[in-house]
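Presented below is the structure to which this report refers.
Protein chains: 2
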Amino acid sequence: MRKIKISNHGVVPLEGSCTFTTLADKAGAKDALACRVGDVLFDLGAEIPSAISEVDFLTYDMPEGWAVFQHSAAHLLAAAVKRLFPDVKLGIGPAIDDGFYYDFLTDKPFTDNDLSAIEQEMKGIVSTDLPFRREELSRRREELSRKSAESLFKKRGENLKLELLKEIPPEEKVTVYYLGDEFVDLCRGPHLPSSGQLQNFKLLSVAGAYWKGDEHNPMLSRIYGVAFRSAEELARHLEKLAEAKRRDHRVLGQRLGLFILSEEGGAGLVFWKPKGAMLRHIIEGYWYEQHLKNGYQLIYSPHILRSGVFHTSGHFDFYRENMFTMSVDEQEYVLKPMNCPGHIIVYQSEIHSYRDLPLRYAELGTVYRNERSGTLHGLLRVRGFSIDDAHIFCTQEQLVDEVRGVVELAMQFYRDFGFPNFKVELSVRDPQNADKYAGSDQMWQVAENTLVQVLDQLSLEFKRMEGEAVFYGPKIDIKLMDNLGRLWQATTVQFDFNLGPRFGLEYAASDGTRQAPYIVHRAVLGSMERFVGTLIEHYAGDFPLWLSPVQARLLPIADAQYEYAQKVAGQLTQSGLRVEVERSDEKLGAKVRDGEMQKLPYLIVVGKKEVEQGGVSVRLRGKGDLGFMTVNQLIERMQNEVETKAAPFSTT
Amino acid sequence: MRKIKISNHGVVPLEGSCTFTTLADKAGAKDALACRVGDVLFDLGAEIPSAISEVDFLTYDMPEGWAVFQHSAAHLLAAAVKRLFPDVKLGIGPAIDDGFYYDFLTDKPFTDNDLSAIEQEMKGIVSTDLPFRREELSRRREELSRKSAESLFKKRGENLKLELLKEIPPEEKVTVYYLGDEFVDLCRGPHLPSSGQLQNFKLLSVAGAYWKGDEHNPMLSRIYGVAFRSAEELARHLEKLAEAKRRDHRVLGQRLGLFILSEEGGAGLVFWKPKGAMLRHIIEGYWYEQHLKNGYQLIYSPHILRSGVFHTSGHFDFYRENMFTMSVDEQEYVLKPMNCPGHIIVYQSEIHSYRDLPLRYAELGTVYRNERSGTLHGLLRVRGFSIDDAHIFCTQEQLVDEVRGVVELAMQFYRDFGFPNFKVELSVRDPQNADKYAGSDQMWQVAENTLVQVLDQLSLEFKRMEGEAVFYGPKIDIKLMDNLGRLWQATTVQFDFNLGPRFGLEYAASDGTRQAPYIVHRAVLGSMERFVGTLIEHYAGDFPLWLSPVQARLLPIADAQYEYAQKVAGQLTQSGLRVEVERSDEKLGAKVRDGEMQKLPYLIVVGKKEVEQGGVSVRLRGKGDLGFMTVNQLIERMQNEVETKAAPFSTT
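Protein chains in written order, with the numbering used here: chain G, 427 to 1078; chain B, 427 to 1078.
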């Protein structure tokens, strides 16, 4: 008789050998999907090893349980594909954060049209409730076991699996998982007991993906999917995905004429079209205004710098592969991946005294980083982007005020841009590994305490991320929550203990000694590109009036009213509003529909009646007809909406 | 008896052989320095060739006469240097636009301290009035003549001259000029009759210069100088040079904290320090405002582009050596040297109809060009600069309005920035060489007529530069005249017949056909860098109030008034003014001097009296004490000065 302690289920006595399924039954852990002993995961069907006394059951609500669920669904997908397309070769099929995928080598890449047939086949496998079965090859007979695995996959023509097999270190066990008798995969597991639990799944999309993510390898066909425990959860998720798709900034960016990404121009490089450029210009104008008001000083620094600067900064040691380099006069230059060295060169161009501090150098600095082409995504992951950057140089005594100033500024930005919800994370060092960090213990303590103190002063909840700090200092990250509840990285307040000593930065203290300033590196919006992507998805393109590139469009019903429309447009423009006049020959209904498609906040209809009565008829996006008003009433209404940065009415 | 016709001196009868000096005497051409027959220049002392019947005398007031004068002064300089430093080897010594220079190879480069000794020696040579004497070697005995020239310079150890001698084509005459008996130089001439005319000269500076401008060659020591006919002219010129030096934007840029050029960062790359960045930000704000008001649409395009775009544009054929290239994902990318291709990619991202035109795409686009390091100069010639760029796409019918719009916008910029004087140049093609140009005859006629018509409509005088157009279209250049009468390149309005066809740009005309738009490429200020350099030199750093990075500084007389000064500063800031508060412990006099050195427009003194009376004492740059006023009076005065963009009072 031995006793096994189970998290959340007390202690269960066991006699003789039995499986984890039996244990789960005895413990009443009905929702167990697999289990964990120490660091090792087991299928529920596995025999309980004799030496153990504590077990965690993994459930669907736990990240690891969710991953097992998705992983089993990936095998289900692969089994169905092999039934329908026996010649397809298996790549890999892991769980990911929001579901699973499986990569297949096939002459004819899958298309969205293939998905429903595959889903049908999967449903068949689910309805027969086939078991997942592990075959484990004992360590003692390792040589033999590898050979038998090799011959198994060779017989099946699974060349990619053979490649993976060769990469498994000799000291590691080789295991395969069957689903029923037909399908087998090289896999560590664990898996669900059987396919019957995978009732509620959906295949979402197909995409190309290089084998092992290397563009020199063949392109595989990747199918994405997701599985849920209940039909309701699945339905809710699909609805959210549909909503996310409606808000997809890449689609809206194209449709609303905001920006393009051009294959011809280069991957990950954004061309801001007039309306997107106007949106960015408005944001930049606001950004400059707020920063100047808050005592920041502006800097413009060049986009290329001699590489020596990045040797001094240390970036050549740990960031080289992300930097674009070129040759100028037989010297190596770098297309800057960050703005810090430029600001430091400016700091060093004068001798500073404590009287000058704090110095807050701000720049909308465009940087270029060599992100892998496979990771590029719309405005969110690009190769060229403008950081709303600033570096604060200050004394220790000024730290709390300075950091609080940054966080308060961020809060004001969130209010003004309409993000009431956000999440704060504090990344601190791992004190067990103190020697891997730049800066003294004392500096880390001061810095971490400063960040905590500021968050406490402002009553901001935060998640403390132990050991998540980068080597050069602790930081605060703030993620914005959008209208769909998704999180988007925005603000970073980052101490930098690396650059100061490397460049030998100093100031003259009041006692005449040379002291090292603290350096706080911060961005409020993150980058113009990512923030505008966030804004588009948050508002589904229905921007608040103050941010709308075009705030109103005049729709003359007939040619006869065109001149009057021009006159009204002139009055609105004079009042600082951004308007345009529709010039097409379409019918009014078509003009209104087009204006709505373009998500224009105000559509101003002028027909014979409006001209006679000297006013306009107003349609407000998301609200509909506001009826007749005078031009002055309209201007007052719009100006008020701009000044208060009012939230928009939504059309979606 | 023959008759020689002389420009401006009628016809002179001559008998037998004689020199040009005799001819000049007979003609009463007292100011003749040398003469020209057809394309050939002669010394006055030369015999008049028998076949000629027309002569121009070159005088000091003619560009060619001025050049002879300076060239002779360069020989005078070299003769003096050889007397003082016999081991120095002669390089070359030409006349240049604003004087002359001579390059010397010497172990110990000259310094400014050497100049006065050399000037003394030159004066000695002037006072003895040594003759310039030409030795010409007849074509028939060419072989012999080269050899004798070779042995002449070999004997004197003039190795650089021997190098030059080798480069003279065999069909060309070899000539040398003596000054007195000691000094001899390989030289085409012509020269003045003797050194006595060179009374009024000045050596100005020394600099390093590579032999033949090639950085792989030895560095020579170059001495710059200038010579005038009268002492008054020389004095006036030196005064102007001193004034130009006081206005040197590189010196003021450093002293006023506007910008730095950093060897560490890279040659020709500008780091805008806070005050310069604020000045630039103000200019950019004005630029955006005016452009949006004038119907321009904004664009932001990336700084790097795939090189294919520049192959399509043709820049790889004729601009390659000025472009920085790099490798991204094994593809070649270019750091853009101009913004055109980016704007064209944006144009091509939509189908355009005649209803969309004109389109005016504007961008403050930063470009990078590989200018040779020897040509870099402060903000005026750099490797990275931001063009205030725009491309107008329009129909032929819209051309006059569009071009006039650009020129009128430029005129408004000149008024607002305080440049009442400017020069307009119209560059047209050489009709003799019609096939070297892109675009049809008809397009060139339309374009050139458009430019002329606009200049006529606006009653602007212009200089027509025949054959000066670049291959892709005619243009207008406008140069600003600064307060010292110097000219600075600013505006360009340039037709482009190259890019449209190369990228296949089109729009749908009202008759449904596909038509090619006209493209007008324009910059009003030229570049932010050069324009700010121009502004600094124009105003000698005494910027008008609306452009001043810091408009006022509060000077509390003692610590007791610091808080009051802060309060007043707050009121000014609230009113949209840019102010700072002096924090040093210096005496008031020192504070005022520092504020004047910093060229701050307003110095606001607050002492006990001002606090008691609730006002301020105001000192205005260039005007002095304005006495006591209330804070509101001060604000009103300053706001009015900003709003009217009033010209500054100058301190210099």
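By construction, the Cβ of each residue, glycine as well, lies at the ideal position given by its N, Cα and C atoms.
I'd like to know whether the C-beta of residue i is nearer than 8 Å to at least one C-beta of chain G.
i              : result
T751 (chain B) : yes
Q838 (chain B) : no
R566 (chain B) : With a pLDDT of 48 at R566 (chain B), under the threshold of 50, the modelled position of that residue is not reliable, and no figure is offered here.
Q723 (chain B) : yes
V976 (chain B) : no
G734 (chain B) : yes
G413 (chain B) : Shown here, chain B extends from 427 to 1078; a query on residue 413 (chain B) therefore has no answer.
E936 (chain B) : Looking at the sequence provided, one finds Ser at residue 936 (chain B) rather than Glu. So no, S936 (chain B) is outside the interface.
Helix, strand or coil: which one does DSSP assign to residue i?
i               : result
R566 (chain G)  : For R566 (chain G), the pLDDT reaches just 48, beneath the cut-off of 50, and the residue's location in the model is therefore unreliable, leaving the point undetermined.
K581 (chain B)  : helix
F530 (chain B)  : strand
Q1024 (chain B) : coil
Q920 (chain B)  : strand
P767 (chain B)  : helix
A458 (chain G)  : strand
G436 (chain B)  : strand
G1015 (chain B) : helix
Q883 (chain G)  : helix
M749 (chain B)  : coil
T554 (chain B)  : coil
Y988 (chain G)  : helix
E690 (chain G)  : coil
V872 (chain G)  : helix
H717 (chain B)  : helix
Check whether the Cβ of residue i lies closer than 8 Å to any Cβ atom in chain B.
i               : result
Y650 (chain G)  : no
K1013 (chain G) : no
Q1065 (chain G) : no
E715 (chain G)  : no
V1044 (chain G) : no
S688 (chain G)  : yes
D755 (chain G)  : yes
I730 (chain G)  : yes
G740 (chain G)  : no
S1001 (chain G) : no
T1078 (chain G) : Per-residue confidence for T1078 (chain G) stands at a pLDDT of 47, beneath the threshold of 50, marking its modelled position as unreliable; no derived number is given.
Compare the beta carbon distance of residue i and residue j with 8 Å and say whether it is the shorter of the two.
i              : j              : result
A506 (chain B) : A521 (chain B) : no
I725 (chain B) : V793 (chain B) : no
K628 (chain G) : L664 (chain G) : yes
Q496 (chain G) : G517 (chain G) : no
A460 (chain G) : L440 (chain G) : no
Q920 (chain G) : G952 (chain G) : no
Y528 (chain B) : L510 (chain B) : no
L825 (chain B) : P943 (chain B) : no
If residue i and residue j are in contact, beta carbons under 8 Å, what's the gap, nearest whole angstrom?
i              : j              : result
V632 (chain G) : D538 (chain G) : 6 Å
H729 (chain G) : L761 (chain G) : 6 Å
A788 (chain B) : H707 (chain B) : Their Cβ separation, rounded to whole angstroms, is 17 Å, which puts A788 (chain B) and H707 (chain B) out of contact at 8 Å.
S479 (chain G) : I430 (chain G) : 6 Å
Original post:
Going along the chain, which residues of the segment 781 to 797 of chain B sit with their C-beta nearer than 7 Å to a C-beta in chain G?
Top reply: R781, T792, Y794 and N796
Original post:
What are the residues of the segment 695 to 708 of chain G that lie near chain B, defined by any Cβ-Cβ distance shorter than 7 Å?
Top reply: L695, V696, F697, W698, K699, P700, A703, M704, R706 and H707
**OP:** With 8 Å as the limit, tell me which residues of the segment 957 to 973 of chain G have their beta carbon closer than that to any beta carbon of chain B; keep them in chain order.
**Re:** none
Original post:
Taking any Cβ of chain B, which residues in the segment 762 to 774 of chain G have a Cβ under 7 Å from it, in chain order?
Top reply: G768, I771 and V772
Original post:
What residues in the segment 1004 to 1029 of chain B have a beta carbon less than 8 Å from any beta carbon of chain G?
Top reply: R1009 and S1010
Subject >> Residues, ordered as in the chain, of the segment 804 to 825 of chain B that lie near chain G by beta-carbon distance below 7 Å >> reply: G810
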